[in-house]
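Here the sequence shown is numbered in my numbering, starting from 1 and rising by one per residue.
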Amino acid sequence: MTQTAIRADKAELQRQALEVDHTHMAHAIRGLAMDAVEKAKSGHPGLPMGAADIATVLFTQFLKFDAADPAWPDRDRFVLSAGHGSMLLYALLYLTGNKDMTLEQLKQFRQLGSKTPGHPENFETSGVETTTGPLGQGIATAVGMALAEKMFAAEFGKKIVNHHTYVLASDGDLMEGISQEAIALAGHWRLNKMIVLYDDNGISIDGPTSLSDSVDQVKRFKSAGWAAERIDGHDPKAIAAAIARAQKSGKPSLIACKTTIGYGAPNKAGTAKVHGEALGADELKGAKEKLGISLEPFSVPDDVLKAWREAGSRGAAAHKDWDAQFAQLGTRKRAEFERRLRHERPQSLAKALRAHKKALLENPLNVATRKSSEAAIEVIAAAMPMEFVAGSADLTGSNNNKAKSATAFAAKAPKGRFIHYGIREHGMAACLNGIFLHGGFAPNGATFLVFTDYARAAMRLSALMGTGVVYVMTHDSIGLGEDGPTHEPVEHLSALRAMPNMRVFRPCDAIETAECWELALNRVDGPTVLALTRQNLPQLRTTAPNDNPCGHGAYELVAAQGDAKVSLFASGSEVEIAVAAQKQLAERGIATRVVSVPSLELLLAQPAERQNAIIGNAPVKIAIEAAVRWGWDAVIGRDGEFVGMHGFGASAPAKDLFRHFGITAEAVVNAALKRI
């Protein structure tokens, strides 16, 4: 045998050994996923079995992470957008040595109190970057992460911020409409450190995706400005080569990995039967025998586990190098980096807003609260110019959330801190989650309140995950007028208030708006909606105490002269109506108080003693809001009077609409008189 032949033979043996190692490591994922789903009698074994080769190549050869420190700031982000395949991620966390993901946790898959819920939850499980479940949310949230990486790197340098965002997406993720919004943004912004691995198995719950879909995803992504290619998702060499190419691309990348769902299952592989249900004892046994996996549940050979643990510790050296680079930063810059990753606001913010409120008392601002918000944003942006990231879904001039000092973010202007999302409310909301989860920024996004319908799924995940995102929602009632009922939100306040952990503020004037902004920015454990008017409002507040009365959800704005017979409760633009009604009732000798309620649900979350003190014991209680009644009975009682909307709006000037729907001071007075 010639030397050339010997070298070729040796290379072939090495290649085969490498493939055997890869195969055994991938089979460890498959075996754990099959066992966990079988034990739970619930779950989705098909995706982990089919995508195991993709995940093995990514985690052993490319992903920059340190299993000993899952929150290392410069780690690569891995988002399992196909959250139904959660056992893929849980198996990876266990195999790579995440200390919180034990074998016992895998055995408790989908059980109460475990760290292995049916879909990945970032608040439950260390190493999970974002909650995924509703399809499309993962890939869209990942766009926000990649965007934040680009902005943070532009500010702190690539020696400190230099990581990729990887996504494993399914057919279902790419069918959801939000995915189009997300990929269009990523392509436009040239987020070249975003790499999507598409588990192209051609199966959904109903059966072959050909039943409902014939999109060429490679062409679709290319048309959105991505690099895109199609490979064999079970060929580790092809996977590795494609990822290597993607890492060098100047564009975001899609790698469509053709796989077999339920790879290895003797009868169910490649069918919908393996998508969302346990294999069953016979099929499980057959799959393990076919793949050469031990029949003992949850067993991983020692050498395979060792290889996986080595992969989990491989990033420790990069982590150590990063620590050294970080230590070379100046003291102030290190402190700023760490403060922002903690989502801790600068001390200058509170001082600046106090000065702003003092200036408002001296020079009242009688404008729409969207304009009051704009005035507050000027102050906020000056206090936190690099971390305050605003944006709008193509309504910048209407939402008024762009500071004069802010420049637009663009592919070639990554230090821009105002983001033009285009007409993509849903994609914007998911991006905001990703920006916050990445860390380093205080993001807000704006549109009309009625379009929270489009953004709602991502907003719900904001509340579930506890991301400190601010949603600036203008045109908050029939007060927007001429655009008519399609644009006039009547049920949206109630719907958002009903969402657990979502805080809704509807300020009545410029001072309340500043106070609500302060509360929103300092809330980093959940999202906030600021519902703001189009129409001008008078400045009603004459004091601005340091304790921020909006923080209690409600407070007495106008006291009664004597024992109150009537309490008027209102939010936003209707507080002006309540104040006018109070004056008319006082002229009739009826002692009346006005309670401004910028946040109904925050009021109802107060301790009973404080809540009762704010609500008071006046025998007549009336709520006034240009929206539906739902939620107000907790304040006024079922027998309380409500002056507001009972159906959809109409198209007309705002003043005409308020008169037409009977939301006036006179209507409030009449409601009080009939009860006294």
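We put the CB at the ideal spot given by N, CA and C, even for glycine.
This structure is a prediction, so every number in the text was calculated from the model and none was measured.
DSSP lists no bridge partner for Tyr454. Take the alpha-carbon of Ala381 and the one of Ser596: they are about 28 Å apart. Under the three-state reduction of DSSP, Val161 is assigned to coil, being neither helix nor strand.
The stretch 104-121 and the stretch 151-166 do not touch, with fewer than 3 CB-CB distances between them shorter than 8 Å. The Cβ neighbour count for Val215, taken over all protein chains shown within 10 Å, is under 16; the residue is labelled exposed. Non-local beta-carbon contacts of Ser126 in its own chain, meaning distances under 7 Å to residues more than five positions away in sequence, involve Pro70, Asn98, Asp100 in chain order.
Secondary structure at Ala307: helix, using DSSP grouped into helix, strand and coil. Rounded to the nearest angstrom, the gap between the Cα atoms of His119 and Ala169 is 14 Å. DSSP places Glu574 within a helical segment (H, G or I) once states are collapsed to three. Looking at the backbone, the Cα of Ala390 and that of Val300 are separated by about 48 Å. Here the alpha carbon of Thr132 sits roughly 9 Å from the alpha carbon of Ser86. The alpha-carbon separation between Leu93 and Tyr263 amounts to approximately 21 Å.
No Cβ-Cβ contact shorter than 7 Å links His24 with Thr56. Just measuring C-alpha positions, the residue of His492, Ala40, Leu602, Val450 sitting nearest Arg523 is Leu602. In the three-state reduction of the DSSP assignment, Phe448 falls in the strand class, which pools E and B. The stretch 489-500 makes no contact with the stretch 510-519: fewer than 3 CB pairs, one atom from each, lie closer than 8 Å. For the pair of segments examined, the stretch 180-191 was found not to touch the stretch 70-85: the number of CB pairs separated by less than 8 Å stays below three. Cβ atoms of Ala429 and Gly439 stay farther apart than 8 Å, at about 18 Å. Put simply, of Glu283, Gly144, Asp302 the residue whose alpha carbon is nearest the alpha carbon of Leu95 is Asp302.
In the displayed model, Ile636 falls within a helix according to three-state DSSP. Per DSSP, Tyr263 lies in no beta strand (DSSP E) and is assigned neither H nor E. In this chain, the beta strand (DSSP E) harbouring Arg593 covers 592-596. A contact between stretches requires three or more CB pairs, one per stretch, nearer than 8 Å, and the stretch 478-495 fails this requirement with the stretch 538-551. For Gly481, same chain residues with a beta-carbon under 7 Å away, outside a window of 5 residues either side, are Ala652, Pro653, Ala654, Leu657 in chain order. Residue pairing of Asp200 in beta bridges, as defined by DSSP: Lys258.
Taking Phe569 as the centre and dropping the five residues before and after it, the same chain places the C-beta of Val595, Val597, Ala623, Val635 closer than 6 Å to its C-beta, in chain order.
By the CB criterion at 7 Å, Lys402 and Phe418 fall inside the cutoff. Burial state of Trp308 is buried, judged by a 10 Å Cβ sphere holding 16 or more other Cβ atoms. If the five residues before and after Ala140 are omitted, its C-beta is found closer than 8 Å to the C-beta atoms of Ile178, Ser179, Glu181, Ala182, His426, Gly427, Ala430, Cys431, Gly434, Ala458, all from its own chain and listed in chain order. In the structure shown, the three-state DSSP call for Arg503 is strand. Around the beta carbon of Leu211, fewer than 16 other beta carbons sit within 10 angstroms, so the residue counts as exposed.
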